[in-house]
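Just add 8 to the spot in the sequence shown (first one is 1) and you have my numbering.
Where is the CB? At the ideal position from N, CA and C, for every residue including glycine.
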Amino acid sequence: MNEQPGGRRIARQRARQWAELLMEDSSLRSNLDDDQATPLLNWGLAHIKLAALATANLPAEEAEPKLEKDTTAVKLIMHGVNDLIGSIGQPLTFDVIDDTMTRILKNHRWLTNKPPAPSRLKNVEQFNQAREQEDRAAAFEALMALIELPTTES
9 MNEQPGGRRI ARQRARQWAE LLMEDSSLRS NLDDDQATPL LNWGLAHIKL
59 AALATANLPA EEAEPKLEKD TTAVKLIMHG VNDLIGSIGQ PLTFDVIDDT
109 MTRILKNHRW LTNKPPAPSR LKNVEQFNQA REQEDRAAAF EALMALIELP
159 TTES
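This is how it looks when you write it as structure tokens:
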């Protein structure tokens, strides 16, 4: 994509505007400790930055819907991670956990426009094992591995 003059400035402004929605919403990380909240927030901010860069050369009326879509997906994924970590040690049914995991995967696909690589689905099982053992750190690690930015893996 050829970047027009001012594109980077516009991208920075848009990223800052939409990033505020993540930084101001403490419900996205209310069940996380600082060592978990920071990487999850950084993950969300990275996606917002990518969306802003992708819309840098678009007029505002075309960029806003894309940024809103991506920010919504990011927030829903972050809420899901927060909720799943908050479920550890709680007597929730498997259906609640399964529904939340499904929402994370659906929103991740919406955000990245591709399904998770089969190799990443092992992270769901790793999360389930860590949750059963009430290992919040391992559970969080598995969720972060699941939602990482996509690569060329298959």
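| request: Please go through the same chain and pick out, in chain order, the residues whose beta-carbon is closer than 8 Å to the beta-carbon of Ser95, but skip the five residues on each side of it. | output: Indexing the sequence shown from 1 puts residue 95 at position 87. Take Ser95, set aside five residues on each side of it, and the residues of its chain with a beta-carbon closer than 8 Å to its own are Val104, Ile105, Thr108, Arg139, in chain order.
| request: Identify the continuous alpha helix (DSSP H) that holds Gln137 and give its terminal residues. | output: Stepping through the sequence shown from its first residue, residue 137 is reached at position 129. In this chain, the alpha helix (DSSP H) harbouring Gln137 covers 130-140.
| Top-ranked residue by Cα proximity to Ile93, from Leu58, Leu61, Ala146 | Walking along the sequence shown from the start, residue 93 turns up at place 85. If we check each option's Cα against that of Ile93, Ala146 comes out closest.
| said: For a quick check, are the C-beta atoms of Ala81 and Ile56 less than 8 Å apart? | reply: In the sequence shown, the residue the question calls residue 81 occupies position 73. In the sequence shown, the residue the question calls residue 56 occupies position 48. Between Ala81 and Ile56, the gap from beta carbon to beta carbon reaches 8 Å or more.
| task | Compare the Cα-Cα distances from Met86 to each of Ile155, Arg117, Ala19, Asn65 and report the closest residue. | result | The residue you call residue 86 lines up with position 78 of the sequence shown. Ranking the options by Cα distance to Met86, first place goes to Ile155.
| query | On the three-state DSSP scale, how would you describe Ile18? | reply | The residue given as residue 18 occupies position 10 in the sequence shown. If DSSP states are grouped into helix, strand and coil, Ile18 belongs with the helices.
| Is the beta carbon of Asn121 less than 8 Å from the beta carbon of Ala150? | By one-based count along the sequence shown, residue 121 stands at place 113. By one-based count along the sequence shown, residue 150 stands at place 142. With respect to Ala150, Asn121 sits apart: the two C-beta atoms are not nearer than 8 Å.
| Helix, strand or coil: which one does DSSP assign to Ile85? | As a first step, residue 85 is located in the sequence shown; it is residue number 77 there, counting from the start. Reduced to three states, the DSSP call for Ile85 is helix.
| request: Leaving out five residues on either side along the sequence, give the residues of the same chain with a beta carbon under 7 Å from the beta carbon of Pro123. | output: The residue given as residue 123 occupies position 115 in the sequence shown. Counting only Cβ-Cβ distances below 7 Å, and skipping sequence neighbours, we find Arg117.
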